[in-house]
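Numbering (our numbering), first residue to last: 4 to 294. Each residue gets a CB set at the ideal place from its N, CA and C atoms; glycine is no exception. If you're wondering where the values come from, they're calculated on a predicted model, not measured in any experiment. Contents: one structure, followed by commentary.
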């Protein structure tokens with residue numbers, strides 16, 4: 004199943020959360036959906052999951068409109084940062100409801116994940132800590148085996164060891180039962196090794212969509228003597244640069260850059276972390292798009 008957004012705009016009053024968005028997502032791939040707060044990420048995911056309607060434009064899943072189409076919406080599972088469950092339900096009731104809605108539901112996976120996160124089926128969701136609530140959301144998302152599984156900051160409240168366990172479990176589940184997974188996160192460097200493709204939004208528009216390997220090859224961070232750095236970056240697309248006491252650092256982006264070429268000029272050179280790269284790509288200045 005593929006996803007296609009065609010000229011999608013979403014307005015909330017006078018604010019445009021999405022602006023004429025064109026985006027295609029392929030099946031059976033892990034996407035990193037990135038951008039600053041207010042970039043439109045959550046709105047995009049809510050539209051995809053059928054929670055809100057676009058103001059203009061069309062959304063297609065395998066060529067069909069997903070809205071009010073239960074057969075399609077039952078193949079989409081969105082796990083939000085919070086408020087995924089009614090507070091009066093027990094965990095076992097949450098899982099029962101999910102099992103009735105998602106046709107690919109795996110009770111075996113749900114049981115395994117509850118054990119992994121130390122959750123008791125008889126616990127009331129009202130009494131869950133933030134970390135437990137996140138763990139339950141993760142459990143529903145992975146056990147749903149929905150063709151489109153979407154996580155919007157799903158691990159708020161989880162400690163580092165639990166977050167890394169989530170990444171391991173997600174990858175294991177994906178390898179055994181491939182599906183399209185969309186991860187929206189601010190902990191980018193912690194999870195970026197899972198991404199197969201990166202989508203970056205800026206002010207409701209698609210700024211960049213690249214395979215992770217390509218995105219890495221398209222950037223280079225060089226440091227060294229100011230004169231040597233200036234000579235090396237001359238004529239290249241400079242994304243960001245800083246200078247302290249005669250030493251300069253520059254980040255290049257938009258072409259295939261060689262670390263070896265930079266080192267041959269006696270410069271320190273490395274690839275820029277994805278999180279740092281996203282920050283500079285989405286800075287207020289500049290209007291470039293790298294779709």
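So, helix, strand or coil for residue i, using DSSP?
i           : result
residue 286 : coil
residue 206 : coil
residue 63  : strand
residue 170 : helix
residue 155 : strand
residue 112 : helix
residue 237 : coil
residue 260 : coil
residue 22  : strand
What first and last residue would you give for the alpha helix (DSSP H) that runs through residue i?
i           : result
residue 134 : 133-147
residue 42  : Where residue 42 is concerned, there is no enclosing alpha helix (DSSP H), given that its DSSP letter is neither H nor E.
residue 15  : Not the alpha helix (DSSP H): residue 15 falls in the beta strand (DSSP E), residues 6-15.
If I measure Cβ to Cβ from residue i and keep anything under 8 Å in the same chain, skipping five residues before and after, which residues do I get?
i           : result
residue 145 : 112, 116, 152, 172, 173, 176
residue 250 : 226, 227, 228, 229
Provide the residue span of the beta strand (DSSP E) that contains residue i, from first to last.
i           : result
residue 242 : 241-247
residue 250 : 250-256
residue 223 : 222-228
Going by CA-CA distance only, name the one from the options that's closest to residue i.
i           : options           : result
residue 85  : 259, 54, 130, 159 : 159
residue 35  : 218, 65, 133      : 218
residue 77  : 269, 149, 196     : 149
residue 180 : 207, 109, 193, 45 : 109
residue 189 : 268, 38, 26       : 38
Within 10 angstroms of its Cβ, does residue i collect 16 or more other Cβ (buried), or is it exposed?
i           : result
residue 157 : buried
residue 142 : buried
residue 248 : exposed
residue 57  : buried
residue 83  : buried
residue 222 : buried
Going by beta carbon distance, what residues of the same chain come within less than 6 Å of residue i, once the five residues before and after it are set aside?
i           : result
residue 282 : none
residue 80  : 144, 147, 149, 152
residue 273 : 224
residue 49  : 55
Less than 7 Å between C-beta atoms, sequence neighbours within five positions excluded: which residues of the same chain meet that for residue i?
i          : result
residue 43 : 20, 21, 204, 207
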